[in-house]
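Student: Structure below; questions to follow.
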């Protein structure tokens, strides 16, 4: 997989974000309502990545910076968002490769901790994060009071 930096509003990014939103709808009965803007995923306080195989965008993921002046965050946090691999490419290590590149880029940008929110209807995501060294942390974000929400963090 070739990983490239892209704008959050790049056509391939929009397509994959729409697909992951459909995945959320199937698994949870609703889309992710977390507010996000294109600017949050732009350097130096964020990044959005697309993974390509044979010219097709098959994976995505991004991070956006947070600091301790925001509720529920610590200085140096990088919140991971929109990690997604298209169904026909799953199980081949693409999510793990995307996660590693997100962590590397966040660390290079001076971020100290990667954090994320996922849900109990995504056991494969939870398994990926736990096997990559993430541990449960206090809940944050719009789903902090949702019983199906799980938040994870990892020091970079």
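Numbering (the UniProt record's numbering), first residue to last: 1 to 156. By construction, the Cβ of each residue, glycine as well, lies at the ideal position given by its N, Cα and C atoms. Everything numeric in this text was worked out from a predicted model, so none of it was measured.
Tell me whether the segment 80 to 97 and the segment 112 to 128 touch, counting them as touching only if at least three CB pairs, one residue from each stretch, are closer than 8 angstroms.
Tutor: Yes, they touch.
Student: Under three-state DSSP, which class holds residue 83?
Tutor: As a position in the chain shown, residue 83 is number 83, starting the count at 1. Note: residue 83 maps to strand in three-state DSSP.
Student: What are the boundary residues of the beta strand (DSSP E) that residue 52 is part of?
Tutor: The residue given as residue 52 occupies position 52 in the chain shown. Note, residue 52: beta strand (DSSP E), 46 to 53.
Student: Thinking just about the alpha-carbon of each residue, which of 29, 18, 52 is nearest to the one in residue 6?
Tutor: By 1-based counting over the chain shown, the position of residue 6 is 6. Considering only alpha carbons, the answer is 52.
Student: Identify every residue that forms a DSSP beta bridge with residue 149.
Tutor: Against the chain shown, residue 149 aligns to sequence position 149. Per DSSP, 119.
Student: What does DSSP give as the partner residues of residue 154 in its beta bridges?
Tutor: Start at 1 with the first residue of the chain shown, and residue 154 comes out as number 154. For residue 154, which the question treats as bridged, DSSP gives the partners 114.
Student: State the DSSP-derived secondary structure class of residue 64, mapped to helix, strand or coil.
Tutor: Residue numbering aside, residue 64 sits at position 64 when the chain shown is read from its first letter. In this structure, residue 64 counts as strand in the three-state DSSP scheme.
Student: Quickly, what does DSSP pair residue 5 with across the bridge? List them, please.
Tutor: Here residue 5 corresponds to residue number 5 of the chain shown, with the count starting at 1. Answer by DSSP bridge pairing, in chain order: 49.
Student: What do you get for residue 79, buried or exposed, if any count of 16 or more other CB atoms within 10 angstroms of its CB means buried?
Tutor: Counting from one through the chain shown, the residue named residue 79 turns up at place 79. By the 10 Å Cβ count, residue 79 comes out buried.
Student: Between the segment 92 to 105 and the segment 141 to 148, do three or more beta carbon pairs fall short of 8 angstroms?
Tutor: Because the criterion of three Cβ pairs below 8 angstroms is not met, the segment 92 to 105 and the segment 141 to 148 do not touch.
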